[in-house]
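Numbering (the numbering used here), first residue to last: 103 to 245. See structure below.
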C-alpha cells in the first residue's frame with residue numbers, strides 16, 4: 103500500500119498523536135517509521151486522495167500536534183511514497199540534510215498571518231486619491 107507522509111522529526115520527539123487521525127474516510131491510523139535517529143509520521147494513503155477539507159484539516163492537525171512538542175519538518179499535503187521501506191531508506195540516505203534542517207528550526211516558531219481589507223473603505227480611498235478613477239466612477243454613475 104502507498105504511504106502518506108505527514109512530517110519528519112527527531113527520533114526523540116514525544117509523538118503524542120494518540121488522539122489524532124490521518125487523512126481518508128475512514129481516517130487512517132497514524133504510525134511511525136524510524137531510521138538514523140529520525141522519525142517520519144505516516145499512514146496508509148487512501149485511494150483517490152484529493153485535497154478535501156476533512157483531509158486538509160486532518161493533515162494540519164497532525165502537524166500542529168507535532169509542532170506543539172518539538173521541531174518538525176512538515177511535508178506538504180499529499181506527500182506519497184511507495185512504502186514504509188522507501189521512507190526508511192530516505193531517512194537514512196538524507197539523515198545529514200534532515201538533521202541540519204531540524205537544527206536550523208530549533209527554538210523557532212511558525213506564525214500564520216492573515217490580512218483582510220474592507221472593500222468599501224479601499225474603494226473610497228482609491229477614489230479619493232486617483233482622479234482618473236474618480237472621473238470614471240462619476241461617468242458610470244451618470245450613465
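For each residue, glycine too, the CB sits at the ideal point set by N, CA and C. Just so you know, these numbers come straight off a predicted model, no measurement behind them.
Between the alpha carbons of residue 204 and residue 150 lies a distance of about 32 angstroms. CA-CA distance, residue 222 to residue 175, rounds to 41 angstroms.
Residue pairing by DSSP places residue 146 opposite 105 in a beta bridge.
Assigned with DSSP and collapsed to three states, residue 175 falls in strand. With respect to the 7 angstroms criterion, residue 229 and residue 214 are not classified as neighbours on the basis of their beta carbons. Judged by their CB atoms, residue 111 and residue 141 are nearer to each other than the 7 angstroms cut-off. Between residue 109 and the set 154, 153, 181, 130, the nearest pair of CA atoms involves 181. Beyond the five residues adjoining it in sequence on each side, residue 136 comes within less than 6 angstroms, by CB distance, of 113 in the same chain, given in chain order. Under the DSSP assignment, residue 202 falls in the alpha helix (DSSP H) whose first and last residues are 197-207. The beta-bridge partner set that DSSP reports for residue 133 consists of 144.
Secondary structure at residue 165: helix, using DSSP grouped into helix, strand and coil. DSSP places residue 112 within a strand segment (E or B) once states are collapsed to three.
For residue 228, the secondary structure class from DSSP, reduced to helix, strand or coil, is helix.
Residue environment for residue 103: exposed (fewer than 16 other C-beta atoms within 10 angstroms of its C-beta). Residue 194 has its alpha-carbon roughly 28 angstroms from the corresponding atom of residue 129.
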